[in-house]
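Residue numbers (the numbering used here), protein chains in the order written: chain A, 716 to 895; chain B, 116 to 252.
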Amino acid sequence: MNPWPWYVSGPLIALVMFALLFVGKQFGMSSNLRTACSIGGAGKASDFFDFDWKKERWNLIVVLGAIIGGFLSANYLSDHTVDINPDVITTLESYGINSAGEAYLPTEIFGTESLSDPKILAVLLIGGFLVGFGSRYAGGCTSGHAISGLSNLQLPSLIAVIGFFIGGLIMINFIYPLIF
Amino acid sequence: MKTLVYLIIGIFFGIVMYKSEAASWFRIYEMFEFGSFHMYGIIGSALAIGVIGTQIIKRRNIKALGGQDMQLNPKAMSISRYLFGGILFGLGWALAGACPGPMYVLAGAGYGSILIVILGALIGTFLYGLLRNKLPH
Numbered sequence: 716m717n718p719w720p721w722y723v724s725g726p727l728i729a730l731v732m733f734a735l736l737f738v739g740k741q742f743g744m745s746s747n748l749r750t751a752c753s754i755g756g757a758g759k760a761s762d763f764f765d766f767d768w769k770k771e772r773w774n775l776i777v778v779l780g781a782i783i784g785g786f787l788s789a790n791y792l793s794d795h796t797v798d799i800n801p802d803v804i805t806t807l808e809s810y811g812i813n814s815a816g817e818a819y820l821p822t823e824i825f826g827t828e829s830l831s832d833p834k835i836l837a838v839l840l841i842g843g844f845l846v847g848f849g850s851r852y853a854g855g856c857t858s859g860h861a862i863s864g865l866s867n868l869q870l871p872s873l874i875a876v877i878g879f880f881i882g883g884l885i886m887i888n889f890i891y892p893l894i895f
Numbered sequence: 116m117k118t119l120v121y122l123i124i125g126i127f128f129g130i131v132m133y134k135s136e137a138a139s140w141f142r143i144y145e146m147f148e149f150g151s152f153h154m155y156g157i158i159g160s161a162l163a164i165g166v167i168g169t170q171i172i173k174r175r176n177i178k179a180l181g182g183q184d185m186q187l188n189p190k191a192m193s194i195s196r197y198l199f200g201g202i203l204f205g206l207g208w209a210l211a212g213a214c215p216g217p218m219y220v221l222a223g224a225g226y227g228s229i230l231i232v233i234l235g236a237l238i239g240t241f242l243y244g245l246l247r248n249k250l251p252h
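The structure is reproduced here in structure tokens:
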């Protein structure tokens with residue numbers, strides 16, 4: 716039930732990427748969001764969504780698998796605790812997040828009862844918004860740029876990943892203290 | 116048959132994301148605090164194998180199943196698109212503590228609140244589609 720160490724997890728992620736390459740596809744999770752918009756009829760609003768989404772159905776099957784994988788892991792393969800650095804736990808406690816080490820996601824943000832807090836609702840919605848907007852603007856997310864793109868030595872992916880970290884560091888160091 | 120292959124790859128990916136804790140908000144926060152080697156080890160070891168494997172595929176011209184070319188297309192060069200888009204993505208990644216792959220995994224794991232994050236991501240994607248001709252690329 717222990718989590719897998721990095722030296723097991725990383726190579727397995729590379730295996731996922733190669734498995735998709737061998738069946739003629741590429742590893743990229745955020746493009747499913749565009750496909751979902753297209754299925755929902757967004758092609759009427761922008762030609763960006765006006766494409767034959769049925770060609771992307773394979774990736775939606777991968778998403779379905781990821782959902783099943785999450786269900787199986789959470790119910791049968793995990794004890795849900797994440798053993799992070801004690802110094803980081805202390806920092807989080809100063810933000811009022813006390814569930815570190817006891818939960819897989821902070822209950823203060825992802826607990827059902829937190830949904831009645833407008834601030835938490837905004838954190839979830841805006842966080843998701845930036846991920847969706849940013850990944851499409853950058854043409855990919857962690858899987859498309861940080862794993863696939865960098866594996867293929869693509870300079871654009873390196874610029875995107877540097878951007879990911881600039882954004883993440885700004886959020887953690889300058890915006891978190893304002894929010895929490 | 117192919118559908119089953121995609122499903123199995125997805126299930127495997129979902130289990131790896133959850134068991135590696137790459138889907139944990141805490142690990143993402145810790146990564147941006149440089150508090151542990153864990154996430155860097157995951158990405159770094161995936162890349163070490165990814166770079167070597169991709170080079171072998173290219174140099175030996177290995178084909179995908181059915182003889183088609185592997186999807187290793189070069190990305191069009193630009194700075195503003197990748198930098199601005201990347202920064203926005205990074206802000207969201209650190210705020211929600213999840214990137215697109217783990218979002219689906221967490222939905223399957225039963226975290227109902229992640230559906231709000233996914234809704235936000237769909238709205239963000241849609242708005243990008245509306246605005247993209249006005250943005251520097």
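Every residue gets a Cβ at the ideal spot worked out from N, C-alpha and C, and that includes glycine.
Since we're looking at a predicted model, the values are computed, not measured.
Next on the checklist: Please identify the residue among B:Met192, B:Gly244, B:Lys249 whose C-alpha is closest to the C-alpha of A:Ala760.
Outcome noted: To locate residue 760 of chain A, count along the first sequence from 1; it is residue 45. Nearest of B:Met192, B:Gly244, B:Lys249 to A:Ala760, Cα basis: B:Gly244.
Checklist entry - To which residues of the same chain is A:Asn747 closer than 7 angstroms at the C-beta, ignoring the five residues directly before and after it? => result Walking along the first sequence from the start, residue 747 of chain A turns up at place 32. The residues are Asn774, Leu775, Val778.
Next on the checklist: For B:Ala236, tell me which candidate among B:Leu206, B:Lys249, B:Asn248, B:Gly156 has the shortest Cα-Cα distance.
Outcome noted: To locate residue 236 of chain B, count along the second sequence from 1; it is residue 121. When only C-alpha atoms are compared, the closest one is B:Leu206.
Item to check | From A:Gly743, A:Ile874, A:Ser858, residue whose alpha carbon lies closest to that of B:Leu162 | outcome: Start at 1 with the first residue of the second sequence, and residue 162 of chain B comes out as number 47. Selected option, being the one with the closest Cα: A:Ser858.
Checklist entry - So what does DSSP say about A:Gly758, is it helix, strand or coil? => result Residue mapping note: residue 758 of chain A aligns to position 43 of the first sequence, counting from 1. In this structure, A:Gly758 counts as helix in the three-state DSSP scheme.
Next on the checklist: Distance cutoff 9 angstroms, beta carbons only. Does B:Arg174 sit that close to anything in chain A?
Outcome noted: Working through the second sequence from its first residue, we reach residue 174 of chain B at position 59. B:Arg174 does not count as touching chain A.
Next on the checklist: Cβ closer than 8 angstroms: which chain A residues qualify as neighbours of B:Lys134?
Outcome noted: Position 19 of the second sequence holds residue 134 of chain B. Going along chain A in sequence order, the residues near B:Lys134 (Cβ under 8 angstroms) are Pro718, Trp719, Ser724, Ser788, Leu792, Ser793.
Next on the checklist: Short of 9 angstroms Cβ to Cβ, which residues in the segment 179–193 of chain B face chain A?
Outcome noted: Ala179, Leu180, Gly181, Gln183, Asp184, Met185, Gln186, Leu187, Asn188, Pro189, Lys190, Ala191, Met192, Ser193
Item to check | Contact with chain A by B:Lys255, beta-carbon distance below 9 angstroms | outcome: Residue 255 of chain B is absent from the model: chain B starts at 116 and stops at 252.
Checklist entry - What is the DSSP secondary structure of B:Arg247, counted as helix, strand or coil? => result In the second sequence, counting from the first residue as 1, residue 247 of chain B sits at position 132. Three-state DSSP puts B:Arg247 in a helix.
Next on the checklist: On the DSSP letters alone, give me the boundaries of the alpha helix (DSSP H) that A:Asp802 sits inside.
Outcome noted: As a first step, residue 802 of chain A is located in the first sequence; it is residue number 87 there, counting from the start. Run containing A:Asp802: 801–809, per the alpha helix (DSSP H) assignment.
Next on the checklist: If the cut-off is 8 angstroms on Cβ atoms, which residues from the segment 731–747 of chain A count as contacting chain B, listed in chain order?
Outcome noted: Val731, Met732, Phe733, Ala734, Leu735, Leu736, Phe737, Val738, Gly739, Lys740, Gln741, Met744, Ser745, Asn747
Checklist entry - Could one say the Cβ of A:Asp802 lies closer than 9 angstroms to chain B's Cβ atoms, at least one of them? => result Taking the first residue of the first sequence as position 1, residue 802 of chain A is located at position 87. Yes - at least one Cβ of chain B is within 9 angstroms of the one on A:Asp802.
Checklist entry - Where do the N-terminal and C-terminal ends of the alpha helix (DSSP H) with B:Met146 fall, by residue? => result On the second sequence, position 31 is the one that residue 146 of chain B refers to. It spans 140–147 - the alpha helix (DSSP H) in which B:Met146 sits, taken as one unbroken run.
Next on the checklist: Please list, in chain order, the chain A residues whose beta carbon lies closer than 7 angstroms to that of B:Trp171.
Outcome noted: For the purposes of this step, residue 171 of chain B is taken as residue 56 along the second sequence, with counting starting at 1. According to the sequence provided, residue 171 of chain B is Ile. The question's Trp does not apply to it. What B:Ile171 touches in chain A: nothing, since even the nearest Cβ is about 10 angstroms away.
Next on the checklist: Let me confirm a value: B:Ala137 is counted as buried when at least 16 other C-beta atoms fall within 10 Å, else exposed. Which label applies?
Outcome noted: Here residue 137 of chain B refers to the residue found at position 22 of the second sequence. Counting Cβ neighbours within 10 Å, B:Ala137 comes out buried, since at least 16 surround it.
Checklist entry - From A:Phe707 to A:Ser850, what does the alpha carbon distance come to, in whole angstroms? => result In the structure as shown, chain A starts at 716 and stops at 895, and residue 707 of chain A therefore has no counterpart that could be examined.
Item to check | Touching by the beta-carbon criterion (3+ pairs, under 8 angstroms), the segment 807–823 of chain A and the segment 155–173 of chain B | outcome: no
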